[in-house]
Amino acid sequence: EVYHEPYRPQFHFSPKAHWMNDPNGMVYVNGTYHLFFQYNPSADVPGNIHWGHAISKDMVHWKELPVALYPDSLGLVFSGSAVWDKNNTSGLGKSGHPPMVALYASHSVEKEKAGRTDVETQSLAYSTDEGKIWHKYKGNPVIKNMGDRDFRDPKVSWYEPQKKWVMVVAAHDHIDFFSSKNLINWTKESEFGQQLGAHGGVWECPDLFPLTSGNTTKWVLIVNINPGGPNGGSATQYFTGNFNGKTFTPDNSSATKWADFGPDNYAGVTWSNTGKRIIFLGWMSNWRYGDKVPTSPWRSAMTVPRELSLKKVGGQTLLASEPVGELHAITSKENSWANVKVNGSYDIASKVSAANGKFILKLKNAQANDFSIVLSNKKGEQVVVGYRKQDNQYFIDRSKAGQVDFQLDFAKTASAPRLLTTGNIDLILVVDAASVELFADGGLTNMTAIFFPTQPFTGLAIKSQGSLNVGKISYAKVNSTWN
Ligand code: FRU
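For the sequence shown, mature numbering (1 follows the signal peptide of the UniProt record, and there is no 0) gives the first residue as 5, with consecutive numbering after it.
Next comes the structure, spelled out in structure tokens:
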């Protein structure tokens with residue numbers, strides 16, 4: 005499939021047509037990365053939610069497959085996860101064909117309309133042909149509603165020390181932990197979070213996994229929240245701590261931690277069955293305006309897949325995310341310039357043969373003084389990504405980016421703290437037709453934002469207040485993955 009519509013991402017996954025939100029059921033099976041997603045196959049607005057399906061060998065080139073899960077008498081197929089049940093603990097496999105098992109939230113629109121609280125339950129579906137044909141489990145739901153109006157987005161993983169499955173489910177303002185030997189019968193183990201973290205909105209789409217970097221291993225609990233993000237609307241917070249198969253104990257921390265401070269990275273969770281490598285993917289939009297963005301015939305894309313690691317900063321353990329190495333395969337040879345002195349403005353577009361607006365730009369060892377990177381077009385529209393020394397913040401300003409008035413808050417400048425307090429700045433910008441992803445200081449502060457200029461951005465320059473030394477600037481064009 006080759007797509008040429010305005011704003012069509014060229015190396016981020018988007019469905020051919022219609023509405024998409026959260027990534028779901030991400031699991032790696034026999035060399036294939038599966039990505040399911042919240043999908044309305046009949047319109048470009050939310051509602052009538054199914055699970056769409058796409059597969060990839062490298063998380064970069066995607067092939068969209070037929071819809072995997074359809075609504076049924078229990079409701080719409082809301083978010084959830086999938087695992088590769090290779091030892092057939094569920095008994096749902098066939099000999100020689102272990103099942104892929106999906107756990108998802110059933111959302112009853114009828115009950116919702118009737119004003120009931122037991123709207124959402126957890127259900128199971130399985131496939132014995134690696135994801136092509138899906139069967140709903142006859143005993144659904146496998147977890148009943150226990151009184152929380154919002155009770156959804158089960159994320160399941162294998163807990164090796166006790167040889168059992170663990171599930172985290174969002175329950176309005178906290179996370180419920182369950183465990184199971186067979187993915188079918190679940191026991192509630194604990195609750196977490198009523199008094200911790202951000203509570204400006206409903207807790208959704210959690211994830212739980214151990215992460216090892218060097219000789220540190222921590223458990224990471226991801227909790228998406230909507231609204232209440234650091235720049236308004238939807239965002240992904242996380243906790244680091246310990247997990248013993250039953251309860252999650254967070255590290256001491258005063259500030260809420262965010263996996264991405266930008267406006268457009270939501271409902272992100274990680275791939276299952278990728279070993280020690282932990283790879284995160286988010287929905288590159290925001291519930292504030294996701295259904296109003298000016299794209300057609302589809303709405304929304306995913307972020308680039310991001311590899312997670314842990315970093316120690318000032319006694320705190322933080323999550324760092326960086327674009328997966330697989331992107332190299334679609335990235336052209338890099339142009340680079342060493343020891344650059346930016347005096348007011350340093351133009352990059354004129355130095356590169358293919359300023360096609362899809363690229364990866366890296367700044368290494370830039371002085372921590374005010375500067376910005378400006379994407380622009382001939383109509384004077386622009387997106388500005390920068391750093392402000394005064395308050396030690398990164399920011400993205402899309403107020404003059406073309407189409408911005410489809411929603412009130414869209415034009416607001418987003419900012420994020422630089423979590424490193426000293427030293428020079430390293431940053432990576434990943435830019436596609438309608439998005440920019442900033443990874444600063446080795447992925448400690450990240451910001452993702454979408455944009456809709458009336459003409460593509462082909463200009464690219466670094467601007468400084470006064471002079472700015474940059475150790476190395478490199479630019480590489482990214483090729484389209486649709487073919
Ligand atoms: C998050 C979310 C989930 C829910 C799904 C519905 O974006 O609200 O909590 O399962 O979207 O599409």
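Beta carbons are placed, not taken as given, at the ideal position from N, Cα and C, and that holds for glycine.
Buried or exposed, going by whether 16 or more other CB atoms sit within 10 Å of the CB of residue i?
i: R310; result: buried
i: V6; result: exposed
i: A118; result: exposed
i: L412; result: exposed
i: I432; result: buried
i: H54; result: buried
i: I229; result: buried
i: G143; result: exposed
i: M288; result: buried
i: R12; result: buried
i: W341; result: exposed
i: P210; result: buried
i: G384; result: exposed
i: N487; result: exposed
i: K261; result: buried
i: G100; result: exposed
i: T220; result: exposed
i: N149; result: buried
i: P70; result: exposed
i: F410; result: exposed
i: A72; result: buried
How many angstroms separate the CA atom of residue i from the CA atom of residue j?
i: L26; j: K345; result: A small correction: the amino acid at residue 26 is Asp; Leu does not occupy that position in the sequence shown. Using only the alpha carbons, I get a separation of about 42 Å.
i: M306; j: P50; result: 16 Å
i: T462; j: L379; result: 7 Å
i: I352; j: A106; result: 46 Å
i: F284; j: G406; result: 30 Å
i: F363; j: V388; result: 15 Å
i: V482; j: K115; result: 47 Å
i: L212; j: G84; result: 13 Å
i: P75; j: K355; result: 52 Å
i: K337; j: N343; result: 20 Å
i: M171; j: W207; result: 15 Å
i: S325; j: G237; result: 21 Å
i: G475; j: H57; result: 43 Å
i: N347; j: P327; result: 30 Å
i: I334; j: L323; result: 26 Å
i: G279; j: A86; result: 15 Å
i: T251; j: K192; result: 10 Å
i: L187; j: W169; result: 7 Å
i: Y108; j: P145; result: 10 Å
i: D89; j: S18; result: 28 Å
i: S376; j: S349; result: 9 Å
Could you tell me whether any Cβ in chain C is nearer than 8 Å to the Cβ of residue i?
i: Q166; result: Absence of chain C from the displayed structure is noted, only one protein chain being present.
Would you call the stretch 412–425 and the stretch 396–403 in contact, with 3 or more CB pairs under 8 Å? yes
Below 8 Å, how does it come out for the stretch 38–46 and the stretch 10–29: are there three or more Cβ pairs, yes or no? yes
What residue ranges within the stretch 76–160 form continuous beta strand (DSSP E) runs of no fewer than 3 residues, ordered along the chain? 80–88, 104–111, 124–131
Curious, which full-length beta strand (DSSP E) runs of at least 3 residues does the stretch 280–320 contain? 283–287, 310–317
I'd like to know if the stretch 173–185 and the stretch 269–287 are in contact, where contact means that at least 3 CB-CB pairs between them fall below 8 Å. no
Using 8 Å as the threshold, is the stretch 308–327 in touch with the stretch 439–453, meaning 3 or more CB pairs across them? yes
With three or more beta-carbon pairs closer than 8 Å as the criterion, would you say the stretch 56–67 touches the stretch 92–110? no
Any chance you could list the beta strand (DSSP E) runs of at least 3 consecutive residues sitting entirely within the stretch 334–360, in chain order? 339–351
Does the structure place the stretch 122–131 close enough to the stretch 195–203 that three or more beta carbon pairs sit under 8 Å? no
Any beta strand (DSSP E) of 3 or more consecutive residues that is wholly inside the stretch 368–418: 375–380, 386–392, 397–401
Beta strand (DSSP E) runs contained entirely in the stretch 437–482, provided each spans 3 or more residues: 439–444, 449–454, 463–481
Kindly provide the ranges of any alpha helix (DSSP H) runs that are 4 or more residues long and lie completely inside the stretch 20–75, ordered along the chain. none
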